[in-house]
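Residue numbers (the working numbering): 1 to 423.
The beta-carbon is built from N, C-alpha and C at its ideal position, and this holds for glycine as well.
In this text, all values refer to a predicted model and were calculated from it rather than measured experimentally.
Have a look at the structure below before the remarks.
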């Protein structure tokens, strides 16, 4: 019965493993861009900006309206007395209606600038969507490499467990042969317990990391696994990724977004000026009335001129206020542009530092492996203690952990640099 239960459990575990999707960094990014709610909201915001642009375009066309009114009174609205006993009452009931159209001829550039501002709004939404895309890509890669790092650390723990099992056999043999006391075996068993505890911590952390990645990329919590080549090699040199900060600045999303902010404020200033200019419109309409039991219909044309005389008092202050807003946007563009250049240089240094740490970690692994091998030989020869051997094994485990941490950190730093330079 135990054999049947064990076989069934193994089959279920194998089926679950096959059902999981093995995800690379590129697949994690692509799935996040397709399924993450931040991208869906950014798409909706971009579409809303496009609809606002279409709405602004309708202001070029005439405004058409239809009105109608009917009334009934208990006595005429117009009463006259022509003499004793000669009273006249009119307009006791009536009906009026009409259709009119009005076309703005001159509005101080408000309609034109409103449409240009709507164009800026669409471009701003497009750039904000690109910003959201950058954040989604960086977050997806961060979750991915965190999961990969924990998975690789778990592999290191498994290798350490195999080493400790071998140490335990050697210690048991030494105790049996009478060349060592049981203290060596106790030290190995204590190290094995410590490793088991570390394994539990890593397994829980890895499960959480994969669930975060799955949620962010639009998958079920236990439906994915991660895959990356971390066989101990050194990634290609980051020198080929270098971009001159000053040349890269105009191509960055952040700088372009600030340029759109300057353009929007300039258009708002022009619209403020337009609000204090005369407005000219022409129109016409068809009117029908039946007020004195006789229908009457006619066509009418008209022109209107509206001059905001008293509005200039407050309007002049509003224009000065908006002009200052333009200057603030220009100052922000210049200042933040300098900060973006500094940020590119910092991210370049961070990426290179992370790359050098990989190289250092690789050297440490080679040295730790050799140190562990020598102490293993020394212990068998009786010239080293079990404490020395376990310390060498700890150095090996730490060097492996340092490598996977440096490798994962470099991948994230590389993405941050590419994004900072608009690549």
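So who's on the other strand from residue i, going by DSSP bridges?
i, result
"residue 101", "64 and 284"
"residue 72", "93"
"residue 296", "289"
"residue 21", "224"
"residue 306", "279"
"residue 301", "284"
I think residue i touches residue j, with their Cβ atoms under 8 Å apart; what is that distance to the nearest whole Å?
i, j, result
"residue 218", "residue 34", "7 Å"
"residue 253", "residue 130", "5 Å"
"residue 255", "residue 326", "Going by Cβ atoms, the distance from residue 255 to residue 326 rounds to 18 Å, so no, they are not a contact pair."
"residue 310", "residue 278", "Contact doesn't hold; Cβ gap of about 14 Å is too wide."
"residue 389", "residue 379", "5 Å"
"residue 406", "residue 354", "6 Å"
"residue 181", "residue 175", "7 Å"
Ends of the alpha helix (DSSP H) at residue i?
i, result
"residue 239", "First-last for residue 239: undefined, no H or E at that position."
"residue 375", "311-381"
"residue 220", "That residue, residue 220, is in no alpha helix (DSSP H); it is neither H nor E in DSSP."
"residue 397", "386-420"
"residue 257", "253-275"
"residue 77", "Neither: residue 77 is in no alpha helix (DSSP H) and is coded neither H nor E."
"residue 131", "110-177"
"residue 44", "37-57"
"residue 245", "245-248"
Distance, Cα to Cα, residue i vs residue j?
i, j, result
"residue 385", "residue 400", "23 Å"
"residue 409", "residue 26", "17 Å"
"residue 134", "residue 126", "13 Å"
"residue 128", "residue 308", "38 Å"
"residue 165", "residue 145", "30 Å"
"residue 346", "residue 419", "13 Å"
"residue 84", "residue 78", "18 Å"
"residue 143", "residue 224", "13 Å"
"residue 351", "residue 382", "46 Å"
"residue 299", "residue 70", "20 Å"
"residue 195", "residue 371", "20 Å"
"residue 46", "residue 335", "28 Å"
"residue 424", "residue 374", "Because residue 424 is not part of the residues shown, which for the chain are 1 to 423, the question remains open."
"residue 362", "residue 411", "16 Å"
"residue 422", "residue 265", "25 Å"
"residue 246", "residue 274", "38 Å"
"residue 124", "residue 260", "6 Å"
"residue 102", "residue 49", "27 Å"
"residue 282", "residue 312", "24 Å"
Restricting to Cα atoms, I'd like to know which of the options is closest to residue i.
i, options, result
"residue 155", "231, 123 and 250", "231"
"residue 244", "412, 340, 150 and 184", "340"
"residue 87", "417, 213, 75 and 57", "75"
"residue 290", "95, 40, 49 and 47", "95"
"residue 207", "265, 114 and 148", "148"
"residue 303", "71, 50 and 106", "106"
"residue 66", "286, 173, 53 and 73", "286"
"residue 366", "353, 356, 403 and 23", "403"
"residue 60", "109, 362, 288 and 158", "109"
"residue 28", "338, 228 and 356", "228"
"residue 54", "63, 118, 38 and 99", "118"
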